[in-house]
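Chains as they are written, first to last, in my numbering: chain W, 491 to 657; chain Y, 843 to 1489. Here the structure comes first, spelled out in structure tokens, and everything after it is commentary.
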């Protein structure tokens, strides 16, 4: 019953986080991005027989994601704060063009993360665990929410600079 | 001086950060759109920022769920680790480096600055400010004194208020007493009353007197609550619990009781909480009306027994659960659910001899005031034979009835068994979470794989009888009676919703869990299906479930076992042994149920496995020699629960 050719499935499992991250660049809201991600997964799995193993998987998968982003944008155009078509096209374009460079930089993320102090790592982790509920986290930490935003901004910017300069 | 490029890079970071924190405004979004559309560098930087954010979000979402406990008073600095209560479970490949010892901070005194004459630090400024403030306060006090007339009744009324709240509620003295209670409140307290308990639950509370709305969960002796509606549960330090049922007015008079002036409450004191006192009291009291002159009805704080005082009665717990209702006439009803209570007339208030009655389970006492003589008298009612009896249904005995089942589909989908999560699963070969159904073979390595992301799932495995004893749980229980298999699993261990859309995907046989359609015969309760396509095993950690809810007893596992019929969808078995599987259920490595050779022709089989409080692991296994088209399912899988050990 089950086909032995499961390369798309394996590649998908391997790259699912990249696909999600790509969608998040085009759909600012995390919940919306998750919806688009789910649709992308279904679309990818439905079209898995079309995949040519000679081609790179990520650009192929990103193409599906971009289609789903556009579909989502059309469906929810009036409801949500969204990037406009020009911005989405430009973002998708640079990610296709500079895929290698971006991927190489993102591979350094873990290394850069390790270079942060323990307290910063913990704060960052907590902010993601509390994503969308940062006020609650600020309350627990007994700090002003704006202070929390500033700290997170500094941490993320230092990570960005770290991966941009190649450590 | 920043170049234009650097300015844009900085601006993009700010805008990207606003996106990350979800605080971007429409104006900022407009600016972001413009920058992204016009500057390639801005787009690259934004993409990098958001991709980085996405990767972090992917890995750390739902990983750390700290419980907000009593917060650390100190504000965490950049280099200070978070309080232990918010320390996350470290995940991903990241390991936190050990915290470096922090250098001692030496604060050097700053050079003295000139102090202005008006500052409080100035030798002139401080007396000047103090005199000014004093003069203002004196002026205000004199103005109030000229308007308000205070008589010597103050002392008398305070004493009356303190001794009997019932008296202060009268129409004549009420206003004065109310004013004086306010005056009492306004007096600075020398010592704060001790904490005697906390609010352990609230449901739809509305307050009759907003000034008595609790501001913190901890409760001091003397705290008063006036509920207009809703329920509030107070847990005393002694362990006694009181559920206030609005409308209701209750004052926490002592660590062992309170004063119910109006409304209903239910008190629950664990049996054996004060074993010596309870046993003695129970031995001494016979269920009859007896004289009891020595006890003061107001002396609740001196009694080790939990006591509820009302305007007309004093109800003392003798190790039990009981309800009390006070009407606006002062009439009090006390009803016993379990154990015994002692009900005493508040006779001392009227200078009359007290009477006491001891009530047992399902008995009620009514304390009324004779309208003509003003005397109190008590009627004891037994059971529901008396139509005027206080029915137990009037009282709320649990703030929230715990659900009767723990939903195993919810647990497989990442929940705690109390929700209705579906459409998620587990990779049987690794124990990793499957956010989508992965329709492919997963090779087993003969190892047991703990599931780290769920505290209620101990682990998963791909069983193969040829590889020797198979480990079933993290305690190391093994089983060597499994048949041979190809050592591979197909797809995910999947929690499917009862209703599924007939999508294109469902037409693909690889997505068998959807292809099989509604299949209501497997889920008569409509909860959903746990898909266990051979060869897989999953072990639930019953002990972890008990740890989260200690008052819950897991009594049995229940499900409907069956196999979907792949032949209906065109699957033709290549060999007679195809479309057959063995299904096993273990508890702590012991076989509790098994069916060898389950096939689609079998009717769905309801299965119940009794559980004891000692059982720790529940393991479900499906295994087949030829794993193809063996659509093994557990429909409506639940753990039945009993509360507080009651069966």
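Quick reminder that beta carbons are idealized off the backbone N, C-alpha and C, glycines included.
- Query: Quick one, are the C-beta atoms of residue 556 of chain W and residue 582 of chain W less than 8 Å apart?
  - Reply: Between residue 556 of chain W and residue 582 of chain W, the C-beta spacing is below 8 Å.
- Return no unless some Cβ of chain W is closer than 8 Å to the Cβ of residue 1282 of chain Y. yes
- What three-state label does DSSP hand residue 1100 of chain Y in the structure shown? strand
- Using three-state DSSP, classify residue 1292 of chain Y as helix, strand or coil. strand
- Nearest-angstrom Cα separation, counted from residue 1090 of chain Y out to residue 1174 of chain Y: Cα to Cα, the separation comes out at about 13 Å.
- Query: Hey, is residue 1377 of chain Y's beta-carbon within less than 8 Å of any beta-carbon in chain W?
  - Reply: no
- Query: By the 10 Å Cβ neighbour count, where 16 or more other Cβ atoms means buried, how is residue 567 of chain W classified, buried or exposed?
  - Reply: Taking every protein chain shown into account, the CB of residue 567 of chain W has fewer than 16 other CB atoms within 10 angstroms, so this residue is exposed.
- Query: Using 8 Å as the threshold, is the stretch 1324-1344 of chain Y in touch with the stretch 1450-1458 of chain Y, meaning 3 or more CB pairs across them?
  - Reply: no
- Rounded to a whole number of angstroms, what is the C-alpha to C-alpha distance between residue 1088 of chain Y and residue 1107 of chain Y? Distance between the alpha carbons of residue 1088 of chain Y and residue 1107 of chain Y is about 9 Å.
- Query: So which residues of chain Y does residue 518 of chain W contact, with C-beta pairs closer than 7 Å?
  - Reply: Against chain Y, the beta carbon of residue 518 of chain W has neighbours under 7 Å at 861, 866, listed in chain order.
- Message: Whole angstroms are fine: how far does the CA of residue 1267 of chain Y sit from the CA of residue 862 of chain Y?
- Response: 28 Å
- Message: Between the alpha carbons of residue 1432 of chain Y and residue 1278 of chain Y, how many angstroms are there, rounded?
- Response: 33 Å
- Query: Just how far apart, CA to CA, sit residue 502 of chain W and residue 1292 of chain Y?
  - Reply: 23 Å
- Query: Counting Cβ pairs, one atom from each stretch, are 3 or more of them under 8 Å apart for the stretch 1342-1356 of chain Y and the stretch 1305-1317 of chain Y?
  - Reply: Taking 8 Å as the limit for Cβ pairs, the verdict is that the stretch 1305-1317 of chain Y does not touch the stretch 1342-1356 of chain Y.
- Where residue 615 of chain W falls: helix, strand or coil (DSSP): DSSP places residue 615 of chain W in helix when its eight states are reduced to three.
- Message: So, for residue 1311 of chain Y: in the same chain, excluding its five sequence neighbours on each side, which residues have a beta-carbon less than 7 Å away from its beta-carbon?
- Response: 1320, 1321, 1322
- Message: Given a cut-off of 8 Å on the beta-carbon distance, is the pair residue 1472 of chain Y and residue 1423 of chain Y in contact?
- Response: yes
- Compare the C-alpha of residue 450 of chain W against each of W:656, W:611, W:559, W:507 and name the closest. Because chain W spans 491 through 657 in this model, residue 450 of chain W falls outside it and cannot be assessed.
- Task: Identify the contact partners of residue 891 of chain Y in chain W, using a Cβ-Cβ distance below 8 Å as the criterion.
- Result: Neighbours of residue 891 of chain Y on chain W, chain order: 646, 650.
- Query: Which same chain residues, not among the five before or five after residue 1356 of chain Y, have their C-beta less than 7 Å away from its C-beta?
  - Reply: 1342, 1347, 1348
- Count the other C-beta atoms from every protein chain shown that fall within 10 angstroms of the C-beta of residue 1036 of chain Y, then say buried if there are 16 or more, exposed otherwise. exposed
- Message: Are the CB atoms of residue 1163 of chain Y and residue 1180 of chain Y within a distance shorter than 8 Å?
- Response: yes
- Query: Are the stretch 889-903 of chain Y and the stretch 511-529 of chain W touching, with three or more C-beta to C-beta distances below 8 Å?
  - Reply: yes
- Task: Starting from residue 584 of chain W, find everything on chain Y with Cβ-Cβ shorter than 8 Å and list it in chain order.
- Result: Those within 8 Å of residue 584 of chain W in chain Y are 882, 885, 886, 889.
- Task: Within 10 angstroms of the Cβ of residue 612 of chain W, are there 16 or more other Cβ atoms? Answer buried if so, exposed if not.
- Result: Residue environment for residue 612 of chain W: buried (at least 16 other C-beta atoms within 10 angstroms of its C-beta).
- Message: Please return the same chain residues whose Cβ sits closer than 8 Å to the Cβ of residue 1256 of chain Y, not counting the five positions on each side in sequence.
- Response: Residues of the same chain with a CB within less than 8 Å of the CB of residue 1256 of chain Y, apart from the 5 flanking positions on each side, are 904, 1263, 1266, 1275, 1295, 1296 in chain order.
- Flag this pair as touching only if the stretch 648-656 of chain W and the stretch 881-895 of chain Y have three or more C-beta atom pairs under 8 Å; answer yes or no. yes
- Item | Nearest to residue 609 of chain W (by Cα), restricted to the options W:598, W:642, W:592, W:541 | W:642
- Query: What residues in the stretch 542-565 of chain W bring their beta carbon closer than 9 Å to a beta carbon of chain Y?
  - Reply: The residues in question: there are none.
- Hey, is residue 1328 of chain Y's beta-carbon within less than 8 Å of any beta-carbon in chain W? no
- Task: Tell me whether the beta-carbon of residue 1094 of chain Y lies closer than 8 Å to the beta-carbon of residue 1065 of chain Y.
- Result: Cβ atoms of residue 1094 of chain Y and residue 1065 of chain Y: closer than 8 Å.
- Message: Strictly below 8 Å CB to CB, what residues from chain W border residue 896 of chain Y?
- Response: 507, 510, 511, 512, 513, 514, 515, 523
- Message: For the beta strand (DSSP E) containing residue 1337 of chain Y, name the first residue and the last one.
- Response: 1335-1338
- Task: Throw me the rounded Cβ distance for the residue 1462 of chain Y and residue 1380 of chain Y pair, which I believe falls under 8 Å.
- Result: For a cut-off of 8 Å, the C-beta gap from residue 1462 of chain Y to residue 1380 of chain Y is around 5 Å, short enough to register as a contact.
- Message: Less than 8 Å between CB atoms is the rule here; does residue 1255 of chain Y satisfy it with respect to chain W?
- Response: Not an interface residue.
- Simplified DSSP assignment, three categories, for residue 1125 of chain Y: Here the model assigns residue 1125 of chain Y a pLDDT of 36, short of 50, so the residue's position is not dependable and the matter cannot be decided.
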